[in-house]
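Undergrad:
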Amino acid sequence: MRRWIMHVDMDAFFASVEQFDNPELRGLPVIVGGQSDRGVVSTCSYEARVYGVHSAMPMVEARRLCPQAVFLPGRMKRYQEVSRQIMAIFNDFSPLVEPLSVDEAFMDISGMERLSGSEQAIGIKVKAAIKAATGLTASVGIAPNKFLAKLASDMQKPDGLVVIRAEDAEALLRPLPVRRIFGIGRRAEQALLQFGIATIGQIADADIHILQKALGSSAATVKQLAHGLDDRPVLNSSAAKSIGKECTFTHDLYTEEERRHAVLDLCGRVGWRLRRSGVVGYTVTLKVKFASFKIITRSITAEGPISYDEEIFTLVQKLMQEVKWTEGVRLLGVSVAHLEPAGAVPILGFAEDERLEKRNKAVDKIKSKFGEEIIKRGL
Ligand code: TTP
Ligand code: MG
Numbered sequence: 001m002r003r004w005i006m007h008v009d010m011d012a013f014f015a016s017v018e019q020f021d022n023p024e025l026r027g028l029p030v031i032v033g034g035q036s037d038r039g040v041v042s043t044c045s046y047e048a049r050v051y052g053v054h055s056a057m058p059m060v061e062a063r064r065l066c067p068q069a070v071f072l073p074g075r076m077k078r079y080q081e082v083s084r085q086i087m088a089i090f091n092d093f094s095p096l097v098e099p100l101s102v103d104e105a106f107m108d109i110s111g112m113e114r115l116s117g118s119e120q121a122i123g124i125k126v127k128a129a130i131k132a133a134t135g136l137t138a139s140v141g142i143a144p145n146k147f148l149a150k151l152a153s154d155m156q157k158p159d160g161l162v163v164i165r166a167e168d169a170e171a172l173l174r175p176l177p178v179r180r181i182f183g184i185g186r187r188a189e190q191a192l193l194q195f196g197i198a199t200i201g202q203i204a205d206a207d208i209h210i211l212q213k214a215l216g217s218s219a220a221t222v223k224q225l226a227h228g229l230d231d232r233p234v235l236n237s238s239a240a241k242s243i244g245k246e247c248t249f250t251h252d253l254y255t256e257e258e259r260r261h262a263v264l265d266l267c268g269r270v271g272w273r274l275r276r277s278g279v280v281g282y283t284v285t286l287k288v289k290f291a292s293f294k295i296i297t298r299s300i301t302a303e304g305p306i307s308y309d310e311e312i313f314t315l316v317q318k319l320m321q322e323v324k325w326t327e328g329v330r331l332l333g334v335s336v337a338h339l340e341p342a343g344a345v346p347i348l349g350f351a352e353d354e355r356l357e358k359r360n361k362a363v364d365k366i367k368s369k370f371g372e373e374i375i376k377r378g379l
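When we follow my numbering, the leftmost residue of the sequence shown carries the number 1, and every step to the right adds one.
1. Look up Ile420 in the DSSP assignment and give the residues it is bridged to.
2. Using 8 Å as the Cβ pair cut-off and three pairs as the minimum, do the region 126 to 144 and the region 152 to 160 touch?
3. What residues does the ligand MG have around it, judged by CB closer than 5 Å to any heavy atom, in chain order?
4. Which term fits Leu339, buried or exposed, when burial requires 16 or more other beta carbons within 10 angstroms of its beta carbon?
5. Cα separation between Val41 and Asp11?
6. Can you pull the DSSP bridge partners for Val270?
7. So, is Gly183 buried or exposed, given that buried needs 16 or more other C-beta atoms within 10 angstroms?
8. Buried or exposed: which applies to Arg355, given that a residue is buried once 16 or more other Cβ atoms fall within 10 Å of its Cβ?
9. Does at least one heavy atom of the ligand TTP sit under 7 Å from the Cβ of Thr43?
10. I need the DSSP call for Asp252, collapsed to helix, strand or coil.
11. In three-state terms, what does DSSP make of Leu161?
12. Answer yes or no: the CB of Pro158 versus the heavy atoms of the ligand TTP, is any distance below 7 Å?
13. Can Ile203 and Val222 be called in contact, C-beta distance under 8 Å?
14. List the residues that DSSP assigns as beta-bridge partners of Phe290.
15. I want to check one thing, is the minimum distance from the CB of Ala191 to the heavy atoms of the ligand TTP below 7 Å?
16. Could you say if the region 273 to 290 and the region 307 to 318 meet the contact criterion of at least three C-beta pairs nearer than 8 Å?
17. Pick out whichever of Cys247, Ile200, Arg330, Lys318 has its Cα sitting closest to the Cα of Thr255.
18. Going by alpha carbons, who is nearest to Leu266 out of Leu332, Thr314, His209, Ala220?
19. Please classify Leu136: does DSSP put it in a helix, a strand, or coil?
20. Less than 7 Å between the CB of Ala56 and some heavy atom of the ligand TTP, yes or no?
21. Would you mind working out which of Asp168, Glu357, Asp21, Leu235 sits nearest His227, comparing C-alpha positions?
22. Put His54 into one of helix, strand or coil per three-state DSSP.
23. Do Phe313 and Leu264 have their C-beta atoms within less than 8 Å of each other?
24. Could you tell me which residues DSSP puts in a beta bridge with Met6?
25. For the pair the region 37 to 51 and the region 109 to 122, tell me if three or more CB-CB distances fall below 8 Å.
26. Count the CB pairs spanning the region 15 to 35 and the region 52 to 60 that are closer than 8 Å, and state whether there are at least three.
27. Please confirm whether any heavy atom of the ligand TTP lies closer than 7 Å to the CB of Ser36.
28. Please indicate yes or no: does the CB of Ser299 lie closer than 7 Å to some heavy atom of the ligand TTP?
29. Is Leu348 helix, strand or coil when you go by DSSP?
30. Cβ of Ser83 versus every heavy atom of the ligand TTP: is any distance shorter than 7 Å?
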C-alpha cells in the first residue's frame, strides 16, 4: 500500500496560546521566554519574527531587536493542556500517531484519503479540528514519508498546508541546502562543503565513497533522503501504555443486547488500533459509566498476547458477567494495556490463530480502505 504521512506543527505555539487567551495581544509582537538577563527566547509571534527574533536567542538581544514587544515568562501548564487537546485530535484521526514534541506529531494516514476524498482533504479537516478545539492555527505537511512530510509542514508556515507527491520530491529537494536534511548539522555541513557539496541535489548525485568520507556510516541513509526516500515507520509513542476507545451513548442502554452490541463495536475499534500500531497487549479493561454517573472498571489479564477483535471480545464478555447491571448505562469503554511490539512475540501456528488472523486481516483491509465505520462484526 502507498504510504501517506502527515506532519502537523503548531504555529508559534507558546506565543499563539498567549495571543488566543489574551485577545489584546493579537497582532502584536509577543516574545515568550526567560525574563532574566541570562534568559533565552522560547518562541515569539510571527509579528516579532519580522524583527529577526527567533527561538533560542538571548533575551537581551531580542529586547534590543524588538523593544516594543510584549515580553512574557510563559505558562507551561497551559501549553501542556493545549498540547493534550491537539494530541487527542490526532489520535481521533489516526490510530498511528507519533508525537515529536509539545506541538508536533507524525500521523500515518495511509488509505484514509479514499474516505476523505484526498489527502489534502484530511489536512484541511485536521486543521479545522485544531482550530475548533483550541482556536489556534497549525501547519500541515503531507507526503509519502516522514522526511518529506516534515519538510512540507515547514514550507508555508504559518497556517500552511502542503502536499508533496513522490514524483515531485526530487526536483523540490535538489536546490535546498544540505542542512534541510535532519541529522545534518553544522559539522556535517562543513564536511560536505570540503567536497564542494552544498545542496541536496549534489548529495543525490555524489559518489557514495565521497559521502562516506564526509558523513561516515550515515552516508547511505543521507543519500536515500536526498532522493526523497525514507521508509521509517510512524511509531506510536511508548507513552501509549494502553490503547482504548470509549463511547457515550445518545440514550442510556438498558438491555443486554444493546450492551453486547456496543462492546462488540468497541472491541473492533480497539483491535484495529492495536494491529495498526503493530502492538499486542495482555490486560483488557472494561469501563462502565452508569446513568447516575457512577463509574466502575473491571480488568482481566490474558495468558498470552492478544490483538484480535474476538480475543478482546471474549475477555470483555467475562468482565461483563462480573458487573451488576442495575441501572442504565451512559458510557462504555474498552482498553488493552501492557503493550508490546507485535514482532517481539512469537506467533504460534495454531489453526485457531490462523483463522483469527485471516479474518482480522480481511477486516483491517476493508477498514483501512473505507474507514472504521464501514464494518461492524457479528461474532
Ligand atoms: P517550534 O514548533 O519549534 O516553534 P513554534 O511552534 O513556536 O513556531 P513555528 O511556527 O516555527 O513552529 O516549537 C514549539 C514550542 O516549543 C515553541 O512554541 C516554544 C518551545 N520551544 C522552546 O521553548 N525553545 C526552543 O528553542 C524551541 C525551538 C521551541
Ligand atoms: Mg511549532
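C-beta atoms are modelled at their ideal positions from N, C-alpha and C, and glycine is treated no differently.
TA: Working from what's here:
1. An answer regarding residue 420 cannot be provided, because it is not within the stretch 1 to 379 covered by the chain.
2. yes
3. Asp9, Met10, Phe13, Asp103
4. Within the sequence shown, residue 339 is the residue found at index 339, counting from 1. When all chains shown are included, Leu339 counts as buried.
5. Along the sequence shown, one-based indexing puts residue 41 at 41. Along the sequence shown, one-based indexing puts residue 11 at 11. Approximately 15 Å between the Cα atoms of the pair.
6. Mapped onto the sequence shown, residue 270 falls at position 270. Its beta-bridge partners do not exist; DSSP assigns none.
7. Looking up residue 183 in the sequence shown gives position 183. Gly183 should be labelled exposed.
8. Within the sequence shown, residue 355 is the residue found at index 355, counting from 1. Result: exposed.
9. By 1-based counting over the sequence shown, the position of residue 43 is 43. Correct: Thr43 has its Cβ closer than 7 Å to the ligand TTP.
10. Locating residue 252 in the sequence shown gives position 252, counting from the first residue. Three-state DSSP puts Asp252 in a strand.
11. Taking the sequence shown and counting its residues from 1, the one referred to as residue 161 is at position 161. It is a strand residue.
12. Looking up residue 158 in the sequence shown gives position 158. Yes - the ligand TTP has a heavy atom lying nearer than 7 Å to the Cβ of Pro158.
13. By 1-based counting over the sequence shown, the position of residue 203 is 203. By 1-based counting over the sequence shown, the position of residue 222 is 222. For Ile203 and Val222, yes; Cβs fall inside 8 Å.
14. For the purposes of this step, residue 290 is taken as the residue at position 290 of the sequence shown. In DSSP, Phe290 forms a bridge with Val329.
15. Here residue 191 refers to the residue found at position 191 of the sequence shown. No, the Cβ of Ala191 stays beyond 7 Å of every heavy atom of the ligand TTP.
16. yes
17. Looking up residue 255 in the sequence shown gives position 255. Of the listed residues, the one whose Cα sits closest to Thr255 is Arg330.
18. By 1-based counting over the sequence shown, the position of residue 266 is 266. Of the candidates Leu332, Thr314, His209, Ala220, the one whose C-alpha sits nearest the C-alpha of Leu266 is Leu332.
19. One-based indexing of the sequence shown puts residue 136 at position 136. DSSP places Leu136 in coil when its eight states are reduced to three.
20. Indexing the sequence shown from 1 puts residue 56 at position 56. Yes; taking the cut-off as 7 Å, the Cβ of Ala56 has a heavy atom of the ligand TTP nearer than that.
21. Translated into positions along the sequence shown, residue 227 becomes position 227. Of Asp168, Glu357, Asp21, Leu235, the residue nearest in Cα terms is Asp168.
22. For the purposes of this step, residue 54 is taken as the residue at position 54 of the sequence shown. His54: coil per DSSP, three-state reduction.
23. Numbered from 1 along the sequence shown, position 313 holds the residue referred to as residue 313. Numbered from 1 along the sequence shown, position 264 holds the residue referred to as residue 264. Contact flag set, yes.
24. Against the sequence shown, residue 6 aligns to sequence position 6. The partner list for Met6 (beta bridge, DSSP) reads Met107, Ile142.
25. Result no; under three Cβ-Cβ pairs closer than 8 Å.
26. yes
27. Here residue 36 refers to the residue found at position 36 of the sequence shown. No, the Cβ of Ser36 stays beyond 7 Å of every heavy atom of the ligand TTP.
28. Taking the sequence shown and counting its residues from 1, one reaches residue 299 at position 299. The ligand TTP never approaches Ser299 closely enough for any of its heavy atoms to be under 7 Å from the residue's Cβ.
29. Here residue 348 corresponds to residue number 348 of the sequence shown, with the count starting at 1. With a pLDDT of only 45 at Leu348, under the threshold of 50, the placement of this residue in the model should not be trusted; the figure read from the coordinates follows. Per DSSP, reduced to three states, the secondary structure at Leu348 is coil, with no helix or strand assignment.
30. One-based indexing of the sequence shown puts residue 83 at position 83. Ser83: no, Cβ never under 7 Å from the ligand TTP.
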